[in-house]
Amino acid sequence: MSGPKGESLAESQNEQRLSLLMRKVQEGDFDSYSALLLEVQVMVESYVKNSFYRFRNQVVDGHQQDLVQDILLALHTKRHTYDPSQYFLPWVYAISRYKVIDFLRTSKRRNAHVELDEEELVDHSALIENVPATIDTAAMLKTLPEKQRKILEMVKLEGLSIAEAAKRTGFSQSDIKITIHRAIKTLQSNLKRQ
Amino acid sequence: MKNEKFLDQLINDLQPVKTFAPPIQTALYWFVIAVLIIATLDFFMMPLRADLAQKLSEFSFILQWIFLLLISVLAAMAVSWIGRPGRPGQKLLINASFLLMGVFSSIFAARGLQMGAHLGCEFGGVRCMAAIIMLSILPAAFFFWQSRRAASVYPGLSGSLIGLASGTIGATALALSCDDDKPFHLLEWHLVFPLLLLCVMGFLAGRKVLRW
Chain A
-14 MSGPKGESLA
-4 ESQNEQRLSL
6 LMRKVQEGDF
16 DSYSALLLEV
26 QVMVESYVKN
36 SFYRFRNQVV
46 DGHQQDLVQD
56 ILLALHTKRH
66 TYDPSQYFLP
76 WVYAISRYKV
86 IDFLRTSKRR
96 NAHVELDEEE
106 LVDHSALIEN
116 VPATIDTAAM
126 LKTLPEKQRK
136 ILEMVKLEGL
146 SIAEAAKRTG
156 FSQSDIKITI
166 HRAIKTLQSN
176 LKRQ
Chain B
9 MKNEKFLDQL
19 INDLQPVKTF
29 APPIQTALYW
39 FVIAVLIIAT
49 LDFFMMPLRA
59 DLAQKLSEFS
69 FILQWIFLLL
79 ISVLAAMAVS
89 WIGRPGRPGQ
99 KLLINASFLL
109 MGVFSSIFAA
119 RGLQMGAHLG
129 CEFGGVRCMA
139 AIIMLSILPA
149 AFFFWQSRRA
159 ASVYPGLSGS
169 LIGLASGTIG
179 ATALALSCDD
189 DKPFHLLEWH
199 LVFPLLLLCV
209 MGFLAGRKVL
219 RW
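So, in structure tokens, the structure goes:
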């Protein structure tokens, strides 16, 4: 362990105490679990906060609490994997690290969807609204493939939400979003050609 | 959900748990079962090579077996170690498994080059590869099932190592049936291609099955 000698000793004592609590938790001791969770929660929160700080461009702060709870749940469900003969803190941090990485991967994918929803669709919607009145909207829509036309009509003309359109057509919500995106792209290029 | 309420739920859900067996025990348990499964499949599915008695008296043949089984045990241990978060020695075992595999393959490559042999595609080779994959699937599935209860912090890597551990036992068993001892045949069709394929398949399966 690094740091001054006194600090190392304190860390070591903390480690031993937590390890002892965890052993009791594995035996089903409620009081030990309550005490352990309160301490571990603080550690996990701090770990998540630091991780979020490092990856601040990729995640939304509102998810911090969800992730902390997710890690605590993982520690709970995988508590049998803690070996009492080993250190406790590396076990906690290894699980926390795994969950943070998993969360960042998932949120990266989610962010990709957000970009599609909020940036692409809004921009294209504005473009459609600014189309001169002389253009025959119905004729333009007819140039689209059946699926794209139907979904675009539902969401942009009838005013259904993505979820409602997904329910009505039986497609997934992401499929609906992608189809709208493609439909608008097609309309945009058709307009440019005209 | 509020944190206090969440913690209360966790505490109320607490039950005594049986701690995991030591990783070495889990790895060896799987290894014994896997050897039994593969030996049984090999016995019923493939005829033994005609020169087996003579081969068993050759030191290089036995050494080849020992090497492959050692890789399998190391890979199985690495999987068990990875399944216990924070346990020291994980990287050492992972590196040792792949490094030993690399060294073993290099020996065959060197022997092949020394003999002036050529790499090539042969029907018999494809059959050997398919046989190793077939033999390895059942023990690999068993290992995946066994590892589901663990908490692998590298699910994809665990899957690859499961593929390597199973594949090397499969390759050991196939040496009892395939009488083609040309170094490049062994290198290509008993080691590199089937093990690479099993590692890739294991990686993909691991990311799905071992994620928690």
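Residue numbers (our numbering), protein chains in the order written: chain A, -14 to 179; chain B, 9 to 220.
Backbone N, C-alpha and C define an ideal beta-carbon position, used for all residues, glycine too.
Check whether chain B comes within 7 Å of Gln11 (chain A), counting only Cβ atoms and requiring the distance to be less than that. For Gln11 (chain A), the answer is yes, since a Cβ of chain B falls inside 7 Å of its Cβ.
Test item: CB-CB of Gly120 (chain B) and Pro191 (chain B) under 7 Å: Contact flag set, yes.
Ends of the alpha helix (DSSP H) at Leu78 (chain B)? Taken as a continuous stretch (DSSP letters only), the alpha helix (DSSP H) holding Leu78 (chain B) covers 67 to 90.
With H, G and I counted as helix, E and B as strand and the rest as coil, what does DSSP make of Cys136 (chain B)? Residue state, collapsed to three classes: helix.
Could you tell me if Glu100 (chain A) is buried or exposed, where buried requires 16 or more neighbouring beta carbons within 10 angstroms of its beta carbon? For Glu100 (chain A), the pLDDT reaches just 48, beneath the cut-off of 50, and the residue's location in the model is therefore unreliable, although a value from the coordinates is still provided. The residue is exposed, with fewer than 16 neighbouring Cβ atoms inside 10 Å.
How would you call Gly175 (chain B), buried or exposed, if buried means at least 16 neighbouring beta carbons within 10 angstroms? Classification for Gly175 (chain B): buried.
Please name the residue, chosen from A:Leu52, A:Pro75, A:Leu6, A:Met125, that lies closest to Ile171 (chain A) on a Cα-to-Cα basis. Residue identity differs from the one stated: residue 171 (chain A) is Thr in this sequence, not Ile. Across the set A:Leu52, A:Pro75, A:Leu6, A:Met125, the C-alpha of A:Met125 shows the shortest separation from the C-alpha of Thr171 (chain A).
Met139 (chain A) in three-state terms, based on DSSP: Three-state DSSP puts Met139 (chain A) in a helix.
Within 7 Å of chain A by C-beta, residues of the region 28 to 41 of chain B in sequence order: Taken in chain order, the members of the region 28 to 41 of chain B whose beta-carbon sits within less than 7 Å of a beta-carbon on chain A are Phe28.
Nearest neighbour of Phe51 (chain B), chosen from B:His198, B:Gly210, B:Ala183 [CA to CA]: Considering only alpha carbons, the answer is B:Ala183.
Using the rule of at least 16 other Cβ atoms within 10 Å of the residue's Cβ for burial, across every protein chain shown, is Glu12 (chain A) buried or exposed? Glu12 (chain A) comes out exposed.
Look at the alpha carbon of Thr128 (chain A) and the alpha carbon of Gly167 (chain B), and state the distance between them as a whole number of angstroms. Their backbone Cα atoms lie some 48 Å apart in a straight line.
For Ser19 (chain A), go through chain B and note every residue whose CB falls closer than 8 Å to its CB, in chain order. Leu15, Ile19, listed in chain order.
Just to confirm, is the Cβ distance from Leu36 (chain B) to Phe116 (chain B) under 7 Å? For the 7 Å CB-CB criterion, Leu36 (chain B) and Phe116 (chain B) do not form a contact.
Closer than 8 Å at the beta carbon, the chain B residues around Pro69 (chain A): From the beta-carbon of Pro69 (chain A), the residues of chain B found nearer than 8 Å are Thr27.
Selection from A:Leu60, A:Ser36, A:Phe37 that minimises the alpha carbon distance to Leu23 (chain A): From the listed residues A:Leu60, A:Ser36, A:Phe37, the smallest Cα separation to Leu23 (chain A) is found for A:Leu60.
Arg156 (chain B) CB to nearest chain A CB: under 7 Å? By this cut-off, Arg156 (chain B) is not an interface position.
Among B:Cys186, B:Ala181, B:Leu100, nearest to Val43 (chain B) - alpha-carbon criterion: Closest option to Val43 (chain B), Cα to Cα, is B:Ala181.
On a CA-only basis, which of B:Met137, B:Leu64, B:Ala29, B:Trp89 is nearest Leu165 (chain B)? Give me that one, please. The candidate whose alpha carbon is nearest that of Leu165 (chain B) is B:Trp89.
Cβ-Cβ distance between Pro55 (chain B) and Ile141 (chain B) below 7 Å: For Pro55 (chain B) and Ile141 (chain B), no; Cβs fall outside 7 Å.
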